[in-house]
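Down below is the structure, laid out as structure tokens.
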């Protein structure tokens, strides 16, 4: 907690979102998730923010937005949003290295890395992009014994975001380091899809469950992104044993306990939701028995739009 007005109480931050898309190639990337985070000051905090290791970048863009108020589906400029993400990543990484005085590679800055994960290939590209940045500042920091990467040194910045050969080359170069630094936390997003606001923090939870007390003393680089756009990069350090925390998450067990439905059923649910979106006097059709015990869920919306909830 950083504020002269802090009175000693802990802060609770809840990040939750639902990602759904119209019929088409983006729909399978959708997902949902929520993460609750407790912040405060503790003599022996399990996870500590590195105060000076943070950077932010913002722009006014229309890469992803929701102009149709009667519909929850977004308008997505696919190519633009990928470039916006990578551009924000560049700016944050460069500013973070400058602020921390780091002149080495990403592996010198942190032991692990987690990213906002709209889909896993974007995470893979993001880590490769960090390695491209490393190459531009210090070519000796990357693995290039035959000098094949040298042809990318003079690629104009704007072109580099859409250069597929450059992207592929640095994905290959960063492959071994990706397995070490990113894979321990990328598995959850692969299994639940995009969770928007919860995406980054659920990936942190994933690496905590995966590595447990092996993380003590380790630094984790985190990159957060939101279209429109706002982005931040920062570092957290696991400062004390987290065995109790990591063993109480049960993420894999809960994922394995999910009920599998076919795509046709999923499509039917979304179509029914489309018809009732922004309407009043509604009772959800879903059977409560389909939900996990102690799940809070919508019971009904009355004739003036008030929402009432119940618990299973």
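Numbering (the working numbering), first residue to last: 15 to 326. Note that CB positions come from ideal geometry on N, CA and C, so glycine has one too. Keep in mind that this is a model prediction, so the values were computed, not measured.
Going by Cα to Cα distance, which pick from the options is closest to residue i?
i	options	result
residue 38	92, 19, 82 and 152	92
residue 64	51, 48 and 114	114
residue 45	68, 134, 150 and 303	134
residue 222	204, 33 and 257	257
residue 162	108, 142, 184 and 249	184
residue 170	150, 299, 226 and 187	150
residue 304	129, 275, 79 and 152	275
residue 34	255, 219 and 90	90
residue 132	78, 119, 321 and 318	78
residue 302	137, 287, 235 and 323	323
residue 129	248, 262 and 47	248
residue 179	192, 190, 165 and 191	165
residue 186	32, 138, 197 and 201	138
residue 121	19, 167, 284 and 190	190
residue 294	318, 277, 73 and 288	318
residue 42	277, 20 and 76	277
residue 16	47, 55, 40 and 32	55
residue 73	82, 105 and 224	105
residue 31	81, 18, 19 and 47	47
residue 288	167, 152, 82 and 68	82
residue 112	40, 75, 67 and 205	67
residue 182	290, 136, 80 and 284	136
Do residue i and residue j have their C-beta atoms closer together than 7 Å?
i	j	result
residue 146	residue 195	no
residue 217	residue 242	no
residue 84	residue 311	no
residue 110	residue 140	no
residue 232	residue 250	no
residue 100	residue 62	no
residue 215	residue 29	yes
residue 188	residue 226	no
residue 326	residue 309	yes
residue 148	residue 116	no
residue 60	residue 254	yes
residue 263	residue 219	yes
residue 229	residue 124	no
Could you round the C-beta distance between residue i and residue j to whole angstroms and report it? I think they count as a contact, below 8 Å.
i	j	result
residue 213	residue 70	Contact flag wrong, Cβ pair sits at about 18 Å.
residue 296	residue 272	The Cβ separation is near 26 Å, so there is no contact.
residue 87	residue 36	5 Å
residue 299	residue 286	7 Å
Output the residue ranges of the beta strand (DSSP E) runs that lie fully inside the region 77-148 and measure 3 residues or longer, sorted by chain position. 126-129
Any 3 or more C-beta pairs closer than 8 Å across the region 15-25 and the region 189-209: no
Please determine if the region 166-175 and the region 96-114 are in contact, where contact requires at least 3 C-beta pairs separated by less than 8 Å. yes
Could you tell me whether the region 251-271 touches the region 154-163, using the rule of 3 or more Cβ pairs below 8 Å? no
For the region 45-56 against the region 224-244, do three or more pairs of beta-carbon atoms, one drawn from each stretch, fall closer than 8 Å, so that the two count as touching? no
Inside the region 216-271 only - beta strand (DSSP E) runs reaching at least 3 residues: 233-240 and 244-252
Tell me the start and end of each unbroken alpha helix (DSSP H) in the region 275-307 that is at least 4 residues and wholly inside, in chain order. 277-290
If you scan the region 163-208 from start to end, which runs of the alpha helix (DSSP H) of 4 or more residues do you find wholly inside it? 171-174, 178-187, 189-195 and 197-206
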